[in-house]
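Colleague: A single structure is presented below for examination.
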Amino acid sequence: MSAQSSSVPSLLDKLLVVPLLARVLGAAVFRRLTLPITSTAKANKTFKDIVFAALRANLANINIAQEQWLNASTESGYLDFAKKANVQPDTDVLPSGLKVHWLGPKAASKTILYFHGGGYALACTAGHFQWLFELQKELSKTTPVSVVVVAYTLTPKGQYPEQLRQAAESLEWLTGTVGKKTEDIIVAGDSAGANLTIGLLSHLLHPHPELRKSTAGGSLAAAVLISPWIKFSTTDDSFRRNATSDMIPPAAADRWKKLFLGEKPSDKYSEPSLADSAWYSGLDKVVNDILIWGGDKEVLIDSIKAFGTTIEKAHTKTTVVIEPGAAHEDFILDTLLGYKEKAEGTRVIESWLATRLHVVDPVTFPLAPGAQYVPEAHTMEQATTFLNQLGIEKAVVVQPSIYGNDNSATLSGLHDLGTTNGRAVVQFDPAVTSKEQLQAWHEAGVRGVRLNFKSVGADPSGAELEERLRTYADAVRPFGWALDLYLGLEKVPLLETYINELCVKVILAHYGHPSNETLSTAVSADQVPGFDALVRVLQAGNVWVKLSGNYRLSRDMNNTLVESLGRTVIRTRPDRCLFATDWPHTRFEDLDVAPFLERVLEWIEAEGASVTQVLVDNAQTAFDGR
């Protein structure tokens, strides 16, 4: 290994640091003097622009031995940060010897698994730790969040795919040893760390040939890619166009690439630009949501935009944010340089993560200005306007799944409606929620508990389902509440033997919601697995079915299968049908739902049932006899 690639500095390396520092200082002074008259691209702040000039001079001329000699390790950086921030350091050592450093309590309900940038050659900086610490504190104002920083092996000591192996190990350790649920984990990283994050997602989708298949399982809550290093080539026009508005010179990118790959050729795991959208097909089964952030003044932006387009084709819940005037991982650099004002990029990521952590209440927690990718605020005023258009005065507010067991937004909406016109269905954990709390909610107008299995991907066995329903039924029976189930039609036959023994009202959402496979093959209700069981429990038990979200079954409002489902339910027990608007129609905001609602009313009339009974009387019976 040459001196250029050695991580141990020679005496000459150390001596040459002096002229290197002189060159860096000279670059900063020259930039300051010529800044008023230069026509080249600039950073968005004067001080930052001068620092970038110094960094470019440093990164273009330093070798890796000098680079690592002058920079602290991730562990020492973490300990220094913890001391300055007056927090207790908390480090775990995994079986392989890999160290991970915690920010926030291990018991937090949500965890961000973070891979830092630095070209795989540089350690996690003070700016990283400070930014992550502030992010953790901000998100934890509503839901407990922790951050785990992975101190992966730096190059040249560790070369590809060692860092990918360590990333996979850290995820498996979180889900196995620590006991975190995959759906409660966000994977994130900046620059090379974002490269590693993408590599991890590829490994979960297509196990790497040199690594064992991951045991993590399930779908991650989200992935956040900050200024991802997508492409190793430095020939993109953005390297020329943004050469003086960013801090990374081509020489540094080339050096880091060679140190990272060693003798190995690049592939789809190490260099994501080599993969097309077909490679990422199925990514939605690995991670629920993806955020890609880039600055339009960074040298990597052309490859970031191209990658964003590739991922958007494979994963519909991908958000690409390009911030005007921002350089490479701009807001992390702002933190490192001591800027106190919260950067726009930080606001964007906080707001986006908040929705994925089930903590956003659009009434209490306003969205960040300009955060166009975040769903619009859905207020009770808007809901009331929508209901008034349908001639509906009274409503039941159902807890959205994105809030988990935090019922703040739902209870706020119930308060706005008042106990005369409003009722609510909440979510809670019967193991920790007291009878006193349930009584207080009951007095406020709560009349049910929502159990969502379908949209969160839960697949309980028959025994697990029965145990859970009996537990919740025991908790709500004294209050006369209903169990509001979003289950999936194929699970309904499991309920038949004991549903009447629950001695509570049971509500099934979205016509029971058949599987996507069934929706694509069946042509009538009697061909849908589980629907015959739904009809039987509807006839014999204390069961209601929601005539809701027919557009969730098919975007074709004239779909004959959906009509067959709806009309059969209405025909079977018109006194057990509940009309639900499904407002605010999440994930279908682009669709005009009014015609779909009108179709339901047409079905009711066609079956000779009373619209008033279905829209008003049945709801009053199901929810406390109002």
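In UniProt numbering, the protein residues as written are 1 to 626.
Glycine included, C-beta positions come from ideal geometry on N, C-alpha and C.
For K213, name the three-state secondary structure that DSSP assigns.
Modeller: Residue state, collapsed to three classes: coil.
Colleague: When we look at the beta-carbon of G308 and count the other beta-carbons within 10 Å, is it buried (16 or more) or exposed?
Modeller: Buried, since its Cβ has 16 or more Cβ neighbours within 10 Å.
Colleague: Residues in the same chain with beta-carbon distance under 7 Å from D267, minus the five sequence neighbours each way, listed in chain order, please.
Modeller: Correct list, in chain order: L274.
Colleague: Among residues of its own chain, excluding the 5 on either side of T346, which ones have a beta-carbon nearer than 6 Å to its beta-carbon?
Modeller: Here the set comprises F331.
Colleague: Using the beta-carbon count (16 or more within 10 Å), is I37 buried or exposed?
Modeller: It is exposed - the Cβ of I37 has fewer than 16 other Cβ atoms within 10 Å.
Colleague: Taking the alpha carbon of K180 as the point to measure from, which residue in S219, D296, A482, K297 has its own alpha carbon closest?
Modeller: With distances taken between Cα atoms, K180 lies closest to S219.
Colleague: Any idea if R31 is buried or exposed, counting beta-carbon neighbours within 10 angstroms, 16 or more meaning buried?
Modeller: So R31 ends up on the buried side.
Colleague: Give the straight-line distance between the Cα atoms of L135 and V348, rounded to the nearest whole angstrom.
Modeller: Using only the alpha carbons, I get a separation of about 11 Å.
Colleague: Could you say which of F479, K285, L132 lies nearest to A85 if we only look at CA atoms?
Modeller: Closest by alpha carbon: L132.
Colleague: Leaving out the 5 sequence neighbours to the left and right, which residues in its chain are closer than 6 Å to T318 when beta-carbon positions are compared?
Modeller: Closer than 6 Å at Cβ, skipping near neighbours: I290, I311, E312.
Colleague: Compute the beta-carbon to beta-carbon distance between A72 and A123, rounded to the nearest angstrom, for a pair I have assumed lies under 8 Å.
Modeller: Yes, A72 and A123 are in contact; Cβ-Cβ is about 6 Å, under 8 Å.
Colleague: Assuming L411 and A424 make a contact with CB atoms under 8 Å, what is their CB distance in whole Å?
Modeller: Yes, they are in contact, since the Cβ atoms of L411 and A424 sit about 7 Å apart, within 8 Å.
Colleague: By how many angstroms is the C-alpha of V299 removed from the C-alpha of A27?
Modeller: Their backbone Cα atoms lie some 19 Å apart in a straight line.
Colleague: Does the structure place the stretch 114-130 close enough to the stretch 86-99 that three or more beta carbon pairs sit under 8 Å?
Modeller: The stretch 86-99, when compared against the stretch 114-130, does not touch it at the 8 Å Cβ threshold.
Colleague: Compare the Cα-Cα distances from R536 to each of V562, K137, L489 and report the closest residue.
Modeller: Selected option, being the one with the closest Cα: L489.
Colleague: Sort T419, A41, S170, A216 by Cα distance to V93 and report the nearest one.
Modeller: It is S170.
Colleague: Quick check on W293: does DSSP put it in helix, strand or coil?
Modeller: Correct three-state label for W293: strand.
Colleague: From V476 to L174, what distance separates their C-alpha atoms?
Modeller: Rounded to whole angstroms, V476 to L174 spans 34 Å at the Cα level.
Colleague: Could you say which of N63, E501, L519 lies nearest to L15 if we only look at CA atoms?
Modeller: Of N63, E501, L519, the residue nearest in Cα terms is N63.
Colleague: Which ranges does the alpha helix (DSSP H) cover as unbroken runs of at least 4 residues, wholly within the stretch 98-175, from first to last along the chain?
Modeller: Here the runs fully enclosed are 126-139.
Colleague: In chain order, which continuous runs of the alpha helix (DSSP H) of length 4 or greater are located wholly inside the stretch 426-492?
Modeller: Listed in chain order, they are 435-444, 462-476.
Colleague: Where are the alpha helix (DSSP H) runs, 4 residues long or more, that stay fully inside the stretch 31-100, in chain order?
Modeller: The qualifying runs are 46-61, 64-70, 74-85.
Colleague: Note down, in chain order, each residue of its chain lying with its Cβ closer than 7 Å to the Cβ of I50, except the 5 sequence neighbours on either side.
Modeller: Hits under 7 Å: A28, R31, R32.
Colleague: DSSP on G370, reduced to helix/strand/coil?
Modeller: Because the pLDDT at G370 is just 34, under 50, the model does not fix this residue reliably, and the value given afterwards should be weighed accordingly. It is coil, neither helix nor strand.
Colleague: Determine contact between the stretch 516-531 and the stretch 477-486, defined as no fewer than three beta-carbon pairs at a distance below 8 Å.
Modeller: Touching, no, given that fewer than three Cβ pairs across the two stretches are closer than 8 Å.
Colleague: What are the start and end residues of the alpha helix (DSSP H) that includes W603?
Modeller: W603 -> alpha helix (DSSP H) spans 594-606.
Colleague: Mind reading off the beta-carbon distance from L259 to T111? Whole number of angstroms is fine, and I expect it under 8 Å.
Modeller: Between T111 and L259 the Cβ distance is about 30 Å, and since that is not below 8 Å, they are no contact.
Colleague: Which residue's Cα is closest to the Cα of A107: A253, S146, D617?
Modeller: The residue with the shortest Cα to Cα distance from A107 is S146.
Colleague: State the CB to CB distance for the pair G202 and Y114, rounded to an integer number of angstroms; the pair is presumed to be in contact (CB under 8 Å).
Modeller: Here residue 202 turns out to be Ser, not Gly, going by the sequence shown. That belief does not hold up - the Cβ atoms of S202 and Y114 are roughly 18 Å apart, past 8 Å.
Colleague: In its own chain, which residues sit with a C-beta less than 7 Å from the C-beta of G104, not counting the 5 before and 5 after it?
Modeller: Q136, S140, V145, S146, V147, listed in sequence order.
Colleague: When burial is assigned at 16 or more other CB atoms within 10 Å of the CB, is N558 buried or exposed?
Modeller: By the neighbour-count rule (16 or more Cβ atoms within 10 Å), N558 is not buried but exposed.
Colleague: Which of helix, strand or coil does DSSP assign to K313?
Modeller: It is helical.
Colleague: Would you report the Cα separation of L414 and V543, rounded to the nearest angstrom?
Modeller: Going from the Cα of L414 to the Cα of V543 covers about 24 Å.
Colleague: I'd like to check one pair, T215 with E172: are the Cβ atoms closer than 8 Å?
Modeller: Yes. Within cutoff.
Colleague: Pull up the distance between the alpha-carbon of A609 and that of R567, whole angstroms please.
Modeller: Looking at the two C-alpha atoms, the distance is approximately 10 Å.
Colleague: Near I301, which residues of its chain fall below 6 Å by C-beta distance, leaving aside the five closest residues on each side in sequence?
Modeller: So the qualifying residues of the chain are S238, G294.
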